[in-house]
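In this note's numbering, the protein residues as written are 39 to 292.
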């Protein structure tokens, strides 16, 4: 069979999209359930909504197939899976504080997963996050730096993607207490993002993480004291990404 030409491929895709658009209009008018079995919402009607729904399984598959990904336990929302965050919101707000004394004790995998989910996890089927971003652009990333390496958190797969080997904590240790803490979160943004938006988004992320820490009995402190140039290189960040802020996390010391 001869190969399909580029023009033919485009026409085929257009025909398929037209059919999807027709189906989307039918679903929107009749109120019939969409591909997930749920009624089609206002923001999911039409071609764009159908395209988003159709691509979700593909995006999930790609995320889970990331090379070397380390899966994290599902978020312990109910407080019954061995996680540590079980205070009410008001109790967490009352307990929130900045910590500058840490014990070099490991953070269990469940607690780490819950911490990252609180900072930048996905909490709805449509891929939206636990924190808001302007126009839902989701242009942020959070990295985990520990003694045994550095990873980028992939919220779509709820997994850690290896970023660098070795202990990068000395690059963060302009304040001596950082060396004792088991991990630091590093928040990054696209350089194309408005600085005010990047700061706003990072603030939402570290506030979510900080409230989880208060709920779980962890200490944390938000910090801008680090070697940004060396850390950018060590994390192998592309030129179009920049470091916004860091957050050191661990069990409080004496």
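Glycine included, each C-beta is placed from N, C-alpha and C at the ideal position. As the structure is a computational prediction, the values presented were derived from the model and not from experiment.
What residue does the alpha helix (DSSP H) around residue i start on, and which one ends it?
i           : result
residue 242 : 233-254
residue 149 : 147-158
residue 131 : 127-133
Take residue i and list the residues in its own chain whose beta-carbon comes closer than 7 Å to its own, dropping the five residues that flank it on each side.
i           : result
residue 281 : 224, 226, 266, 269 and 270
residue 202 : 187, 188, 272, 273 and 274
residue 184 : 220 and 221
residue 137 : 257, 258, 259 and 290
residue 215 : 138, 139 and 140
Give me, in chain order, the residues of the same chain whose beta-carbon lies closer than 6 Å to that of residue i; leave out the 5 immediate sequence neighbours on both sides.
i           : result
residue 291 : 139, 140 and 141
residue 237 : none
residue 125 : 253
residue 171 : 239
residue 296 : Given that the chain is displayed from residue 39 to residue 292, the structure contains no residue 296 and the question cannot be resolved.
residue 79  : Low confidence applies here, because residue 79 scores a pLDDT of 42, under 50, leaving its location unreliable; read the following figure in that light. Result list for residue 79: empty, nothing under 6 Å.
residue 178 : 227 and 239
residue 230 : none
residue 180 : 157, 158, 191, 223 and 225
residue 143 : 289
Looking at the strands, I want to know which residues DSSP matches up with residue i.
i           : result
residue 257 : 288
residue 164 : According to DSSP, which records beta bridges pairwise, residue 164 is partnered with nothing at all.
residue 179 : 226
residue 108 : 198
residue 279 : 228
residue 215 : Paired residues: none, contrary to the question.
residue 141 : 289
residue 210 : Per DSSP, none; premise fails for residue 210.
residue 184 : 187
Just curious, the beta strand (DSSP E) that residue i is in, first and last residue?
i           : result
residue 187 : 187-192
residue 267 : No beta strand (DSSP E) contains residue 267, which is instead part of the alpha helix (DSSP H) from 266-272.
Contact check, residue i vs residue j under 8 Å by CB: the rounded distance?
i           : j           : result
residue 158 : residue 204 : Wrong, their Cβ atoms sit about 24 Å apart, outside the cutoff.
residue 264 : residue 212 : 6 Å
residue 219 : residue 288 : 4 Å
residue 248 : residue 134 : 6 Å
residue 284 : residue 261 : 5 Å
residue 147 : residue 206 : About 20 Å; that fails the 8 Å criterion.
residue 108 : residue 198 : 4 Å
Note down, in chain order, each residue of its chain lying with its Cβ closer than 8 Å to the Cβ of residue i, except the 5 sequence neighbours on either side.
i           : result
residue 174 : 166
residue 168 : 155, 156, 157, 158, 159, 160, 161 and 246
residue 145 : 153, 220, 221, 256, 287, 288 and 289
residue 208 : 217
residue 278 : 228, 229 and 230
residue 234 : none
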